Structure formats: C-alpha cells, structure tokens
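Beneath this line is the structure, given in structure tokens, with notes to follow.
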Amino acid sequence: MPDRRSPPVAAPEKKPRDLQLADNRKALFDYSIEDRFEAGIALTGTEIKSMRAGHVNLRDGYAHIEKGQAWLRNVHIAPWTHAAHDNHEPLRPRKLLLHKNEIGQLAGAVSQKGYTLVPLRMYTKGGRAKVEIGLARGKKRYEKRQVIKEREAAREMQAATRRRI
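Quick note, our numbering runs 58 ahead of the 1-based positions in the sequence shown.
Here is the structure:
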C-alpha cells in the first residue's frame with residue numbers, strides 16, 4: 059500500500075495516434091521525387107471522417123500554385139456514408155496549408171519545365187490531417203523499364219538464396 063504522504067502519480071498523457079491514411083505508390087514509379095514537403099489540408103468534417111476510415115485515392119492527384127496559394131486537385135475522398143444532406147464533393151479542390159516561403163519555393167521550382175507537384179501520402183500527425191507533397195520530375199519510359207528489371211532481378215536473387223538455405 060502506498061504511503062499516504064506520497065504525491066499522486068499523474069496518468070500518462072495520451073498521445074493522438076499518427077496514422078498513415080493513403081499512399082501513392084504509383085507516383086513513386088512514374089516520377090523521380092527530388093524534394094518532399096509536409097502540408098496541412100483544409101478539410102470539412104465529413105472529409106476528415108471519410109479520410110480516417112481510409113476512403114482516399116491519391117492516384118490521379120496533383121498540386122498547383124494559384125494566386126499565391128497551394129491547391130490539391132483530383133484527390134478523391136469518398137462521401138461519408140453516415141452523412142445525410144450536407145456531404146462533401148468527392149473531387150473538390152482542397153487548400154494546402156504551407157508557409158509563404160515554401161509556396162514561393164515550390165512555385166519557382168514548378169515554373170521550370172518538367173517539374174510537377176504530386177501527393178505522395180496522406181496521414182494524421184497529432185490529430186491533424188497532413189499530406190506529403192513531392193516535387194517531382196516525370197520518368198521516361200526507359201527509366202520505368204529499368205526499375206522493373208531491377209525489381210525482378212532482386213526478386214530472383216532473393217528466391218535463389220531462399221532455395222539454397
């Protein structure tokens with residue numbers, strides 16, 4: 059039994075879970091990522107609920123700079139199934155929350171030929187929705203074939219070492 063004079067022990071602080079909600083693996087194959095940025099997203103209540111349920115598709119998404127603001131387009135967040143009449147538009151443009159100097163840096167990079175902004179993954183951090191944006195350059199067809207060959211060679215080597223053991 060603890061001593062009555064000992065100070066009470068505080069309960070450990072509960073930390074909000076950090077969850078990966080969506081991943082854009084196709085972008086990693088189609089583009090070579092040169093720089094990564096973390097941005098917040100301005101979402102409605104039904105969007106965040108649907109996002110936490112995992113109903114997000116980043117595959118066709120892209121980001122662009124318009125009038126000094128960053129926007130995320132073509133990212134599909136499915137309508138929340140339990141919402142009634144005030145549900146969100148699944149493909150609406152969503153504002154990205156970045157610092158002004160980051161937006162300027164991205165705008166300068168995207169103005170160069172061949173660069174684009176693609177969403178790489180969506181996650182929560184400290185209870186807030188975040189998206190990782192990649193400054194990317196499109197890969198040529200021969201580069202994609204080379205990646206496939208390397209992947210197959212690695213798979214064959216792994217299978218060969220497994221057979222020997």
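Every residue, glycine too, gets a C-beta built ideally from N, C-alpha and C.
Nothing here was measured: the structure is a model prediction, and the numbers come from that model.
Give the secondary structure of G103 by DSSP, where H, G and I count as helix, E and B as strand, and everything else as coil.
In the sequence shown, counting from the first residue as 1, residue 103 sits at position 45. If DSSP states are grouped into helix, strand and coil, G103 belongs with the helices.
In chain order, each alpha helix (DSSP H) run of at least 4 residues that lies wholly inside the segment 143 to 192
Taking only runs of at least 4 residues, the alpha helix (DSSP H) segments lying wholly in the segment 143 to 192 are 158 to 168.
Can at least three beta-carbon pairs, one atom from the segment 215 to 223 and one from the segment 108 to 128, be found at a separation below 8 Å?
no
Taking the alpha-carbon positions, what's the L156 to A100 distance?
Residue numbering aside, residue 156 sits at position 98 when the sequence shown is read from its first letter. Residue numbering aside, residue 100 sits at position 42 when the sequence shown is read from its first letter. Distance between the alpha carbons of L156 and A100 is about 11 Å.
With DSSP collapsed to three states, give me the class of R63.
Position 5 of the sequence shown, counted from the first residue, corresponds to residue 63. Three-state DSSP puts R63 in coil, outside helix and strand.
Where do the N-terminal and C-terminal ends of the alpha helix (DSSP H) with A218 fall, by residue?
For the purposes of this step, residue 218 is taken as residue 160 along the sequence shown, with counting starting at 1. Taken as a continuous stretch (DSSP letters only), the alpha helix (DSSP H) holding A218 covers R199 to R222.
N115 and P177 - do their beta-carbons sit closer together than 8 Å?
Indexing the sequence shown from 1 puts residue 177 at position 119. Indexing the sequence shown from 1 puts residue 115 at position 57. Result no, Cβ atoms of P177 and N115 do not sit closer than 8 Å.
Per-residue DSSP class, three states only, for T85:
Within the sequence shown, residue 85 is the residue found at index 27, counting from 1. A small correction: the amino acid at residue 85 is Ala; Thr does not occupy that position in the sequence shown. A85: helix per DSSP, three-state reduction.
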